[in-house]
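A short worksheet on the structure shown next.
2 protein chains.
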Amino acid sequence: MSDKIITPKTLSGFVEMLPNEQILFNKMKDTIRQSYELFGFVPLDCPVMDSSQVILAKAGGETEKQIYQLTKGDTDYCLKFDNTVPLAKYVAQKGEQLCFPYRAYQIAKVYRGERPQKGRYREFYQCDIDIVGRDTLDIFYDAEIPSIIYYTFDKLNIGKFTINISNRKLLNGLFEYLNLNEKSGEILRIIDKLDKIGIKNVKDTLAVDYKLNDKTIKIIVDFIEINGNNDKQISKIKALNIDNETFNAGLEELQTVINQIKAFGVPDECVAINLSITRGQDYYTGTIYETYLDSCKEIGSVCSGGRYDNLAKFYSAKNYPGVGISIGLTRLFFQLLENNIINLEQQSPIDVMILPMTENIDYANTVAKNLRRDNIRTILSADTTKLKNKLNYANKMNVPFVIFVGESEIETNTVTVKNMVSGEQVTTEINNCKNIIKKYLEI
Amino acid sequence: MSDKIITPKTLSGFVEMLPNEQILFNKMKDTIRQSYELFGFVPLDCPVMDSSQVILAKAGGETEKQIYQLTKGDTDYCLKFDNTVPLAKYVAQKGEQLCFPYRAYQIAKVYRGERPQKGRYREFYQCDIDIVGRDTLDIFYDAEIPSIIYYTFDKLNIGKFTINISNRKLLNGLFEYLNLNEKSGEILRIIDKLDKIGIKNVKDTLAVDYKLNDKTIKIIVDFIEINGNNDKQISKIKALNIDNETFNAGLEELQTVINQIKAFGVPDECVAINLSITRGQDYYTGTIYETYLDSCKEIGSVCSGGRYDNLAKFYSAKNYPGVGISIGLTRLFFQLLENNIINLEQQSPIDVMILPMTENIDYANTVAKNLRRDNIRTILSADTTKLKNKLNYANKMNVPFVIFVGESEIETNTVTVKNMVSGEQVTTEINNCKNIIKKYLEI
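What follows is the structure, encoded as structure tokens:
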């Protein structure tokens, strides 16, 4: 042991929040969790690490470079870089003990050793739900997912949002139809960049880098630029008369999903077919989702996902189709702060601070217990600190209520409660005091 | 990418729970969190990793061997092995932006690469609270901590428990008095093993390994074996008339804490002075706590902690005294299961499953929304699965209520609700149905 002091700092790409940030962050995390639970999802809490063999089974390219790897004893570990790989392993391993459709939610930190830059984190929360079937999973669930996105973002109360929907079979089918199968991965990647690079650059890249002819480029571009309300877009897609099985399967699925979403009561203006979304290189095979905040589309999709044919193919010979989404909460949180959509004012971990004015704290403690029974977060400030300093503390911590308990309150079985914001002060009996506080806190 | 299937398994020392386990585990975790929050603690969520320099500043011996270490880029990381080191660094770094006393709670996974054995985990939850002062921290807080332990374990509802209390200054002072300062660390370690090895072995070890004479051993053993109710023990300690400053400071602190705990309304039978507890080699300097379940003491302390003079000495020249405790939840959970103190029956993530009997699900969906508004966890089972299979699913998942919505319910604006446990079934209007469900769920 040495007495040298190590200057503490936060590691690049990691987050250490101040109390008011953490409280607000946790509120959002709780809202998401409550929403997922209300839709009957089961919590799943996978280890932070798994064997490298498991984690790297699917990885490759950029992802693999970003993975944190370590060896201890005779085990080679990787930290999880998403929640999907651990879910896939879990389903493959525990499949016989689960009920299907298995509805799982995960709210967990994941790890990516990216080059640190604004909006990129090396440790961040992903909030996932997945509905996994055995052998089959009804298209109905592709429509349920947007209804859960809608409920969740409505509860988060961060402004208007639009759930963009497409189906991977449409573009895949179109590429088959255009005999572009071999280049489909690369073309999808280019289209995925549309928002960033603009339509002209997409066209140029397809022409120069991928040697597509003008006619082919026009068909692709006309397709991804189809617009109008959802019914109109469906009509336009139909009118293309693309003679390809995959394409038409995608069209039918899309139509079914859009209709079912309506039945789920999601307002029309919150759902938009967007044929230019592709979910990049991911393993999606059908319906795909991206969610944008109307007031700041530039921050990108805040909730994405889709349908996959076979979740656990690296870990099981059985077939587990599924559909899921993920909210990248850490990134979203800081973007909302930066865009003043949420703000840190008035975040307090304490609802009431009780200040006993007598040496004997029995009565004050009874009051504290009584308040906590109604879920009022209460501290009993009975240390020897000066009253002035205690009130300073209450102010700094944004504590909304202070309760004074002195001889006269003890005698009359009352409390003196002060609203620290309005300055209003009243001596009243405890149940009435509780009502004042609960009304203010809206609990 | 290869198509070879990797057989999934859970890594030794890591935990992957089945849904009913996870739901019960999370309930306990939520109870602890709610208790900590009701006492005004602020959430703190430190990164899983920090620089090796920070994590290893305090470590040494066994702990250091157990640490998971990794390098990526130019950073040498360690996974946290407890919540205290990250807290210490955080306080040292953010001290100027915090209000003191800083009341923090952390419910987080920590990592220790121990040799796997029964009851030992490599990844496990620790649920910590700490109250940290700047320069000073009133002894009052040493008494508040047991009142929070009491509240928390009472809410956990896992049977009777006893909070054992001592003060490190007592044994330290006694060793000074006996001129055993140099051997004090080793002797504390022997005493710490009392429960495991018994009093005869403690005596023998002190005589043979540490060459203590019979008289000295008798004084130590008589001291740690002091018993009786708390008042009696205080009298017996006083009667020893040990002429040592440290010892008498410890006695005074212990007396103050025991009296204050009473004022906090913690029942006498839940608090016991126990002079043989030492908290091993830890950095505690005053009051120490260990909590035992009366019905299974053999599982050891389920909530331990104490007072430390200087939390952040490795990271700051400033002085941050504190007091805190930790619940090792993962270990506790599995011990409670094994001892049948908790059980997994009837854990369901779903309160109600709605079965629409018509193609149009508008009305069924309205019912689902209505139930969720009252925090009833509801799934709308509108896929094309056969009714029989849906009811099987409800049974397997322990769903307590199924609601049928057919033509006649839609016409009469009612629902048919079936209690899956009693088999009772009734057709009634939706608000009445909600009351039936809420009464059953006690929400």
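If you read the protein sequences in the order shown, they are chains A and B. Position 273 (the first sequence) corresponds to 463 in the working numbering; numbering is contiguous. Position 163 (the second sequence) corresponds to 353 in the working numbering; numbering is contiguous. Virtual Cβ for every residue (Gly too), placed ideally from N, Cα, C. Note that the coordinates shown come from a computational prediction; the quantities given were computed from them, not determined experimentally.
With 9 Å set as the bound, which would you pick, yes or no: does the beta-carbon of residue 510 of chain A sit closer than that to a beta-carbon of chain B?
-> With 9 Å as the cut-off, residue 510 of chain A does not count as an interface residue toward chain B.
Determine which residues of the region 581 to 614 of chain B have a Cβ less than 8 Å from any Cβ of chain A, and write them out in chain order.
-> 583, 586, 587
Can you check whether the CB of residue 244 of chain B is closer than 9 Å to the CB of residue 269 of chain B?
-> no
Could you tell me if residue 621 of chain B is buried or exposed, where buried requires 16 or more neighbouring beta carbons within 10 angstroms of its beta carbon?
-> exposed
How many Å lie between residue 537 of chain A and residue 282 of chain A at the Cα?
-> Going by C-alpha positions, residue 537 of chain A is about 43 Å away from residue 282 of chain A.
Would you list, in sequence order, the uninterrupted beta strand (DSSP E) runs of no fewer than 3 residues that lie entirely inside the region 457 to 528 of chain B?
-> 461 to 463, 477 to 483, 493 to 498, 512 to 518
What's the C-alpha gap between residue 487 of chain B and residue 416 of chain B?
-> Roughly 19 Å between the two C-alpha positions.
Quick one: is residue 240 of chain B near chain A, going by C-beta distance under 9 Å?
-> yes
If you measure beta-carbon to beta-carbon, which residues of the region 372 to 390 of chain A are closer than 7 Å to chain E?
-> No chain E appears in the structure shown, which is made up of the protein chains A and B.
Identity of the residues DSSP links to residue 538 of chain B by a beta bridge | Answer by DSSP bridge pairing: none, since residue 538 of chain B is not bridged.
If you measure from the beta carbon of residue 198 of chain B to each beta carbon in chain A, is any gap under 9 Å?
-> For residue 198 of chain B, a Cβ of chain A is located within less than 9 Å of the residue's own Cβ.
Cβ-Cβ distance between residue 534 of chain A and residue 466 of chain A below 9 Å = no
Decide if residue 153 of chain A is buried, meaning its Cβ has at least 16 other Cβ atoms within 10 Å, or exposed.
-> This structure cannot settle anything about residue 153 of chain A, because the visible part of chain A is limited to 191 through 633.
Quick one: grab the DSSP three-state call for residue 233 of chain B.
-> strand
Measure the CB-CB distance between residue 590 of chain A and residue 544 of chain A and report whether it falls below 9 Å.
-> no
Can a CB atom of chain A be found closer than 9 Å to the CB of residue 191 of chain B?
-> The pLDDT assigned to residue 191 of chain B is 42, lower than 50, so where the model puts this residue is not dependable, and the model offers no usable value.
From the DSSP output, read off the bridge partner residues of residue 295 of chain A.
-> A:233, A:319
Candidates B:576, B:361, B:603, of which the one nearest residue 553 of chain B by Cα | B:603
Along the chain, where does the beta strand (DSSP E) that runs through residue 351 of chain B open and close?
-> 351 to 357
For residue 543 of chain A and chain B, any beta-carbon pair shorter than 9 Å?
-> yes
For residue 267 of chain A: DSSP bridge partner residues | A:241, A:260
Beta-carbon separation of residue 226 of chain A and residue 321 of chain A under 9 Å?
-> no
Answer yes or no: do residue 326 of chain A and residue 501 of chain A have a C-beta to C-beta separation smaller than 9 Å?
-> The criterion of a C-beta distance shorter than 9 Å is not satisfied by residue 326 of chain A and residue 501 of chain A.
In the structure shown, what three-state DSSP assignment does residue 590 of chain B receive?
-> coil
From B:587, B:612, B:580, pick the residue whose C-alpha is nearest to that of residue 594 of chain B; which is it?
-> B:580 is the residue among B:587, B:612, B:580 whose C-alpha sits nearest the C-alpha of residue 594 of chain B.
Mind checking residue 485 of chain B: buried by the 16 CB within 10 Å criterion, or exposed?
-> exposed
Backbone CA spacing between residue 265 of chain A and residue 204 of chain B [nearest angstrom] | Between residue 265 of chain A and residue 204 of chain B, the alpha-carbon positions lie close to 13 Å from each other.
How many angstroms separate the CA atom of residue 191 of chain B from the CA atom of residue 247 of chain A?
-> Reliability of the predicted coordinates at residue 191 of chain B is poor, the pLDDT of 42 falling under 50, and the value obtained from them is presented with this limitation in mind. Approximately 7 Å, taken between the alpha carbons.
Residue 570 of chain B, enclosing alpha helix (DSSP H) - first and last residue | Per DSSP, residue 570 of chain B belongs to no alpha helix (DSSP H); it is in the beta strand (DSSP E), 568 to 570.
Between the beta-carbon of residue 195 of chain B and the beta-carbon of residue 504 of chain A, is there less than 9 Å?
-> yes
In the DSSP assignment, find the unbroken alpha helix (DSSP H) run with residue 601 of chain B in it and report its ends.
-> Per DSSP, residue 601 of chain B belongs to the alpha helix (DSSP H) from 597 to 602.
Does the distance from the CB of residue 532 of chain A to the CB of residue 207 of chain A come in under 9 Å?
-> no
Check whether residue 382 of chain B and residue 469 of chain B have beta carbons under 9 Å apart = yes
Would you mind telling me which residues of chain B sit closer than 8 Å to residue 578 of chain A, beta carbon to beta carbon, in chain order?
-> The contacting residues do not exist; residue 578 of chain A stays about 15 Å from chain B at best.
Interfacial residues, the region 222 to 247 of chain A to chain B, with Cβ spacing under 7 Å = 227, 228, 229, 230, 231, 232, 233, 234, 235, 236, 237, 238, 240, 241, 243, 244, 247
So does the region 418 to 438 of chain B actually touch the region 358 to 368 of chain B, counting three or more Cβ pairs closer than 8 Å?
-> Contact between the region 418 to 438 of chain B and the region 358 to 368 of chain B is present: 3 or more CB-CB pairs across the two stretches fall below 8 Å.
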